[in-house]
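In our numbering, the protein residues as written are 250 to 531.
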């Protein structure tokens, strides 16, 4: 939604990406600028103002090279000086005040999806100008409530695309409202929560497709692992592996099992060290 009244004089191309500090659209020949932040722009920002919107403005000014102050939540004279330098670069009147509607805050760069107000049309505050979505591709998962502990905000995931390519993702939100879906053929109802994931790699050619999401249940470092196919069931119970000596002969050594992941299993036991050669099933 736009917050300025006037005539639309410029729009980005559909499918293009607008990033921090760039013109999102133009009104009366002047730019409306995209800045990054989670809180919306909703007022004039001027000396003496305080708030999260001011903090976001200052962080963006610094990121764009108009620093000279420490970003905080108070609009000071130093902020006004930085705003004037920024306004000069944009060809705006150097007032030191950011007018309501001159900037739009978004969580990141935007991919333009469509135009709601064509160039030459009149707009008023609150009227739609264009549509845009995050330039990062996102995945939504309805996660079984029993697996809730696997999804943590800012946690990492793997996402396998339809072509088999695997990319990394970051969990951006974990729902708190449980969604119930009736079971089919007499099965119990299914309870899920929504999990949103932002993909790290550019997969711009994919707009909507089924994917497979991998969530990490646990992580261990500096442990010994062997292929699962190396495990031998022992007559007395438990498992062992065949340790191959320098002479090529094998002896069976009992092992204690730990985590399983990606076709391997954590093992510990007498005589096992990193680099030990073990036999595997053919």
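Don't be surprised by glycine CBs; every beta carbon is placed ideally from N, CA and C.
Between which two residues does the alpha helix (DSSP H) containing residue i stretch?
i	result
residue 311	301–312
residue 429	Per DSSP, residue 429 belongs to no alpha helix (DSSP H); it is in the beta strand (DSSP E), 428–430.
residue 387	No alpha helix (DSSP H) holds residue 387; the beta strand (DSSP E) holding it covers 387–393.
residue 272	Run containing residue 272: none in the alpha helix (DSSP H); it sits in the beta strand (DSSP E), 272–276.
residue 334	326–339
Report buried or exposed for residue i, applying the criterion of at least 16 other Cβ atoms within 10 angstroms of its Cβ.
i	result
residue 351	buried
residue 385	buried
residue 483	exposed
residue 302	buried
residue 400	buried
residue 309	buried
residue 446	buried
residue 261	buried
residue 508	exposed
residue 355	buried
residue 274	buried
residue 436	exposed
residue 263	exposed
residue 331	buried
residue 290	buried
residue 425	exposed
residue 465	exposed
residue 307	buried
residue 406	buried
residue 286	buried
residue 512	exposed
Near residue i, which residues of its chain fall below 6 angstroms by C-beta distance, leaving aside the five closest residues on each side in sequence?
i	result
residue 336	343
residue 268	358
residue 440	394, 427, 429
residue 500	492
residue 421	445, 447
Can you find the residues in the same chain that come closer than 8 angstroms, C-beta to C-beta, to residue i, ignoring five residues on each side of it along the sequence?
i	result
residue 325	296, 318
residue 432	438, 439
residue 469	507, 508, 515
residue 521	473, 490, 492, 502, 504
residue 387	421, 445, 446, 447, 448
From what residue to what residue does the beta strand (DSSP E) around residue i run?
i	result
residue 279	279–285
residue 361	359–364
residue 493	488–493
residue 503	499–510
residue 404	From DSSP, residue 404 is part of no beta strand (DSSP E); its letter is neither H nor E.
residue 534	Absent from the structure is residue 534, since the part of the chain shown begins at 250 and ends at 531.
residue 355	352–355
residue 383	379–383
residue 461	461–464
residue 447	439–448
residue 422	415–423
residue 474	474–476
residue 258	255–259
Leaving out five residues before and five after residue i in sequence, what residues of the same chain have Cβ atoms less than 7 angstroms from its Cβ?
i	result
residue 327	317, 318
residue 530	478
residue 277	255, 256, 258
residue 378	251, 257, 274, 365, 366, 372
residue 398	none
Touch test, the region 368–378 against the region 250–263, Cβ-Cβ under 8 angstroms, three pairs minimum | yes
Is the region 415–426 touching the region 434–450, taking contact as three or more C-beta pairs under 8 angstroms?
-> yes
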